[in-house]
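Notes to accompany the following structure.
Protein chains: 2
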Amino acid sequence: MTDDLADRLREVLDGRWAHLRRAARQKLDSRFVTVPGETGDQARERISRLVREIPPEVGVTAGFPAEFGGADDPGGSMVATETLAQVDLSLMVKAGVQWGLFGGAVYALGTRRHHEAWLPGIIAGDVMGCFAMTETGHGSDVQRLRTTAVYHPETETFDLHTPYEAARKDYIGNAARDGRMAVVFAQLIVGERRHGVHAFLVPIRDDRGRPMPGVTIGDAGAKAGLLGVDNGRIAFHHVTVDREMLLDRYGQVAPDGTYTSSIANDTRRFFTMLGTLVRGRVSVGGSASAAAKSALTIAVRYGESRRQFTAPDSEREVVLNDYLAHRRKLLTALARSYALSFAQEKLVRDLSDALAGGEIEDRRQRELESRAAGLKAVQTWNATRTIQLCREACGGAGYLAENRLPGLKADTDVFTTFEGDNTVLLQLVGKGLLTGYRDAFGSLDGWGRAAFAAEQVREMVLERTAARSLITRLVDAVPKRGDSVGLTERGWHLSMFEEREKHLLEGAVRRLRRGAETKRDRPFDIFNDVQDHVLAAASAHVDRVVLEAFVAGVEEVADAPVKALLDKVCDLYALSTIEADKGWFMEHERLTPARAKAVTAAVNDLLTELRPRMRTLVDGFGVPDAWLNAAILREEADRQAVMSSADHAAAGEEIVPIG
Amino acid sequence: MTDDLADRLREVLDGRWAHLRRAARQKLDSRFVTVPGETGDQARERISRLVREIPPEVGVTAGFPAEFGGADDPGGSMVATETLAQVDLSLMVKAGVQWGLFGGAVYALGTRRHHEAWLPGIIAGDVMGCFAMTETGHGSDVQRLRTTAVYHPETETFDLHTPYEAARKDYIGNAARDGRMAVVFAQLIVGERRHGVHAFLVPIRDDRGRPMPGVTIGDAGAKAGLLGVDNGRIAFHHVTVDREMLLDRYGQVAPDGTYTSSIANDTRRFFTMLGTLVRGRVSVGGSASAAAKSALTIAVRYGESRRQFTAPDSEREVVLNDYLAHRRKLLTALARSYALSFAQEKLVRDLSDALAGGEIEDRRQRELESRAAGLKAVQTWNATRTIQLCREACGGAGYLAENRLPGLKADTDVFTTFEGDNTVLLQLVGKGLLTGYRDAFGSLDGWGRAAFAAEQVREMVLERTAARSLITRLVDAVPKRGDSVGLTERGWHLSMFEEREKHLLEGAVRRLRRGAETKRDRPFDIFNDVQDHVLAAASAHVDRVVLEAFVAGVEEVADAPVKALLDKVCDLYALSTIEADKGWFMEHERLTPARAKAVTAAVNDLLTELRPRMRTLVDGFGVPDAWLNAAILREEADRQAVMSSADHAAAGEEIVPIG
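Those protein sequences? They're chains H and R, same order as listed. Under UniProt numbering, the residue at position 566 of the first sequence is numbered 566, and the numbers go up by one with no gaps. Under UniProt numbering, the residue at position 171 of the second sequence is numbered 171, and the numbers go up by one with no gaps.
Structure (structure tokens):
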């Protein structure tokens, strides 16, 4: 049962793609939900069947051009992935591999002839494929992967080869079982010239599912989660690939071997290619937050009904959510979850607007990539933390597969390291900020450029990332550092987030500049000694991006009661974020000890104020019970059935309730 | 390969029960280690077979009296459990249920006749049993469990009954498959009188494994981890239990129904009974830390060989452990792991000395129970955090079952909520401190006693928990709050930990006293509004207990180089703990902003200094490779075999390494 306010909250959160979210809630019925306790084989069989049965209304393939069966709606496909994540994360990843990574690469890196030949089959799910980028030896440092593709003009073919064990493609979704084709990333070599990493469309299995000659396919075996995804390993032993199969949008090889590209610089070209795949990261971040919402819904609803220990003033036992410590864990996580929802919606909107506009201005492209990287890292880490605390908040019940939480935790766990390791991504964000986005996505050996970075940043001014005029007005409305400013002044929150980021960045620059002078003989140390500082600056930046998106999003809300509630939630997000880093704020005199204590008191007041709204806030996420699929949320009757083993059902039913 | 220093470190960590740890390393061969990717049935079959094959030298049953087949060495059995935890956590839990909980209850709560009749069979593993305490509706609040045992004088039997669904026993190990007997906790009722919770030894299956009449047994089904443990649900429908089967050490029922007990107060008797089961918590805490050591060993060794990204000054790629951010995560976790090792060893020693001494003085018993509760909570939470970061530190490889980390995470996850929910346990510790241990283990409705607590604590003086004279000397040697004091002055660390605990406790008392006056009408709120404060005081207390044990332990070390290394590790533990809570220390003027920054700088210096010792420190844990059982630690050759699916091995082998 959800109250009216919850429905109106949901409408706000549903955002621009509300129609897709509604369609998913209708079309993705119990047939699609998780099955606790499946074996790996059962899960793989079920998921590879279901992935082809996802109703088109859900919009998973909306991102492809209409002419090939898509809907020219990339934002829609990212939102569709989020909804799948709440139904079954294996299904979401399987779909993400097929249409996001594999299909997305063919579309973004290929040209007309590839599109016409392959997109229809890929979109229909007739041609299942892999995104073969990561190698055992090179995950984060993709630019240095070792698979080679040597061009032979005489045969007009490439010789695709895995030079040694550590160069095999690893953790590849769709490889172990279903993949017929693969987009393989390899070092393109023509004659003596190496042209850097390029993508090739390669058949890896024949019609009868046997590996093609020279292709060795292994199974990554059991994993922590995502049992329904057939991750595998692929090695190539001098496999012949037709010239036409080079996905040649950004680099072409003529029959005679002449190499041409619109982007002269190899590194620049490489990161431009990667840039076209940014949607994957956006989808992973959004899916992680979607899973966290499911976990919070389960834990909060359980905490509303589960009672433990009696209060001194009554024989009635106390519901878990009434305990301050319990509320603190769940409500602050709820506030973060709301904040990230607005940030994600904004990112998807901005990205899809940019894509709709055709050619994206370079600087804008870099900013979106940076935001996607930062939000992916923050959302996936937050999901891991949040789901863990939700599982603990449900006690022993939270450990049982029938209550969903173990699956949510295990399935999303890998999100912190795939589609870019979170630490590496945050470092990318940090370096982007240091160099004012210039070359942020150049190769990661930014150490050498530290000194340069220092120059760049001296006149750095933080750019507001949302509702600029509003944010500016709010910030200017409050005196800086005044102890007198009200703790719930939004402008104060914004300036606290801003000043922290600015100060951290400037400090990093100072240290880098000093290092560039004193450590000329140890270039690696110049950056490495400041790594923690740069990472702190990056996450401070993402915090600001999130708060600005939250503030801008709330401002847009017309529905007064909903807006009032969201304002409180925004207060809680801002204040609990400041509280969590109060050490830094005091260290840098942005917070006096007295005011720091006041912040904690204010957080606790908000927890009391929002206590009656906990249920409303999770209902606002709009996750259908069928998707939650948790036994502890079902009627006692159902649970009894779950408990009594069939042969003792009779005895079980004889148990008569007293009172 | 471990260096000489590592061997000497290991000897120190092995502590008083080194002989058992050595025996385990020898006797627990590859036959006992985890099997990645097993189904639940396979795991249960394997574990219930192996649990009976654990070599006696390992000492799992050492805690029982020699006359029945034990070795009168309770400390030994707790240490043995830790070693099992590094081999296979399902095996550890299965053994813990059989000999720790089930056997332990029969021994501690039963009397001579129970011991003679049952202990030999239990110790031999012929009589497998359950510890049926937790109910679906009552886990943490065990005192209010609902199962009833009504005595009938005419038949001299108890009528054991599950009044309704939520009163069924739940999550019970050994129930779903192997258990023949169960120690069942139920409300004893004689005539009109209720005597509180008592334990009964009850047959739940017949010789052919069928549930006894009136007993309904269900399967808890799939879980996040511990696949080898057959957790189940038990309900009793008016089951007749012979009078002799009451475990009557603390409460006796005469044939005519006359009830007698050496402890008049029901609550007091109940917690005395629970107190005898403290070993379980000690074993769980120690096992969690043991598992964290396995995870750290895997992550640190991987980080020593895994390279990613090239430094600007060389073509050679950088090993992960050289990155500041990576080192920060792993080395601070290593320091915590060492600190907790010393605290655990001390707890086991103190507890086993106390038990050896026969009757334990009441106050001492409460202190040991409190320390066991606090260390269980801190160690299990730390294990969850540490294993998670180790899994992330290994990237995609850390997500594969073949690399062990997923199993370590999933298997230990439940430790945070079983054998007492961590938050409830910390609250127990907090209340114990507030009331100066008096009645700490009385029922948890301490709210009413808040005012009383306030009185107790006014003249509270913290008691040093280890090497009193040494600690006192160190603390007195440094001026309080002097910015001049060296950051690595042990006395300064100790006094920082001490002052934080004392201040938090006194603050909680002040707030409770105020609440007792202003909230007379809302007794629940008196305590609840201060819950977060009390929990903070409790964890500050545990931090101090850990630091004092670490300091005392290092002091005992004769081997100079080992001692020097451990001193550095202790510096890192103390300073990173202070850094993590620097917000509090600044809020309460125990740290100036400048000094707080200096602490961070000092931590980073220690990370650089200890960097060359990372491998030594994990080798010091002495976890055999066979137990680690992680593919990423094996030779490339092995890994190749893992990769190539048999039918393509040939092709796989043809892959020739280049240069």
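By construction, the Cβ of each residue, glycine as well, lies at the ideal position given by its N, Cα and C atoms. These numbers were taken from a predicted model, which means no experiment stands behind them.
Open item on the list: Bridge partners for R:Y151 per DSSP, in chain order?
Closed with: R:F158, R:V190
TODO: Starting from the Cα of R:G491, find the closest Cα among R:M78, R:A516, R:R544 and give me that residue.
DONE: R:R544
TODO: Please name the residue or residues paired with R:C130 in a DSSP beta bridge.
DONE: R:A182
TODO: Give a yes or no on whether the minimum CB-CB distance between R:Q187 and chain H is below 8 Å.
DONE: no
- [ ] Could you check which residue in H:A6, H:G125, H:T616 has the C-alpha nearest to that of H:G179?
- [x] H:G125
Open item on the list: Starting from R:R364, trace the alpha helix (DSSP H) in both directions and tell me its first and last residue.
Closed with: 362-393
Open item on the list: Can you check whether the C-beta of R:F270 is within less than 8 Å of a C-beta belonging to chain H?
Closed with: no
Task: alpha helix (DSSP H) segments (min. 4 residues) lying fully within the segment 267-327 of chain H - done: 278-305
- [ ] Please confirm whether R:R10 and R:G420 have their CB atoms less than 8 Å apart.
- [x] no
Open item on the list: Pop quiz: R:H541 and R:E501 are said to be a contact at Cβ under 8 Å. What is the actual Cβ separation, rounded to whole angstroms?
Closed with: 5 Å
Task: 8 Å Cβ cutoff met for H:A516 and H:A291 - done: no
TODO: Give the interface partners of R:Q308 over in chain H, defined as CB-CB distance under 7 Å, in chain order.
DONE: S140, D141
TODO: Within its chain, find whatever has a CB closer than 6 Å to the CB of R:G37; leave out the 5 residues flanking it on each side and keep chain order.
DONE: A401
TODO: Give a yes or no on whether the C-beta atoms belonging to R:T24 and R:V58 are separated by under 8 Å.
DONE: Thr is not the amino acid found at residue 24 of chain R; the sequence shown has Ala there. Yes. Within cutoff.
TODO: Would you mind working out which of R:K293, R:V284, R:R22, R:P593 sits nearest R:S90, comparing C-alpha positions?
DONE: R:V284
Task: 8 Å Cβ cutoff, H:V87 in contact with chain R - done: no
- [ ] Take H:V534 and list the residues in its own chain whose beta-carbon comes closer than 8 Å to its own, dropping the five residues that flank it on each side.
- [x] Q427, G430, K431, L434, A508, F527
Open item on the list: Any contact between the segment 342-352 of chain H and the segment 296-311 of chain H? By contact I mean 3 or more CB pairs, one from each, below 8 Å.
Closed with: no
TODO: Quick one: using the 10 Å Cβ neighbour count with 16 as the cut-off for buried, is R:V12 buried or exposed?
DONE: buried
Task: Rounded straight-line distance, which links the Cα of H:I47 to that of H:D242 - done: 32 Å
Open item on the list: Determine, for R:N321, whether the minimum Cβ-Cβ distance to residues of chain H falls below 8 Å.
Closed with: no
Task: Reduced DSSP category for H:T332 - H, G, I as helix; E, B as strand; rest coil - done: helix
Task: Spatial distance of H:P255 from H:G104 (CA atoms) - done: 26 Å
TODO: Quick one: grab the DSSP three-state call for R:D567.
DONE: helix
Task: Every unbroken alpha helix (DSSP H) within the UniProt domain "Acyl-CoA oxidase C-terminal" (494-632) of chain R, with a cutoff of 4 residues, ordered by chain - done: 523-528, 531-556, 560-580, 582-587, 593-610, 614-619, 625-628
Open item on the list: Nearest by alpha-carbon distance to R:Y250: which of R:T267, R:T240, R:H238 is it?
Closed with: R:T267
Open item on the list: Pop quiz: R:A166 and R:G137 are said to be a contact at Cβ under 8 Å. What is the actual Cβ separation, rounded to whole angstroms?
Closed with: 3 Å
Open item on the list: Given this structure, state the Cα-to-Cα distance separating R:D599 from H:A95, to the nearest angstrom.
Closed with: Contrary to the premise, residue 599 of chain R reads as Val rather than Asp in this sequence. Approximately 48 Å between the Cα atoms of the pair.
Task: Below-8 Å beta-carbon distance, H:W447 vs any chain R residue - done: Reliability fails at H:W447, whose pLDDT of 42 lies under 50, so the model's placement of it is uncertain and no value is given.
Task: Own chain residues within Cβ distance below 8 Å of residue 661 of chain R, not counting five before or after - done: Not covered by the structure: residue 661 of chain R. The range shown for chain R is 1 to 659.
Open item on the list: Quick check: the Cα distance between H:D638 and H:A630, rounded to an integer number of angstroms?
Closed with: The pLDDT assigned to H:D638 is 44, lower than 50, so where the model puts this residue is not dependable, and the model offers no usable value.
Open item on the list: Excluding the 5 residues flanking R:E345 on each side, which residues of the same chain have their C-beta closer than 6 Å to its C-beta?
Closed with: G15
TODO: Flag this pair as touching only if the segment 197-216 of chain H and the segment 230-239 of chain H have three or more C-beta atom pairs under 8 Å; answer yes or no.
DONE: yes
Task: DSSP state of R:F102 mapped onto helix, strand, coil - done: helix
Open item on the list: By the three-class DSSP mapping on this structure, what secondary structure does H:R458 have?
Closed with: Any answer about H:R458 is weak, because its pLDDT of 49 lies below 50 and its placement is not dependable; what the coordinates show is given next. It is coil, neither helix nor strand.
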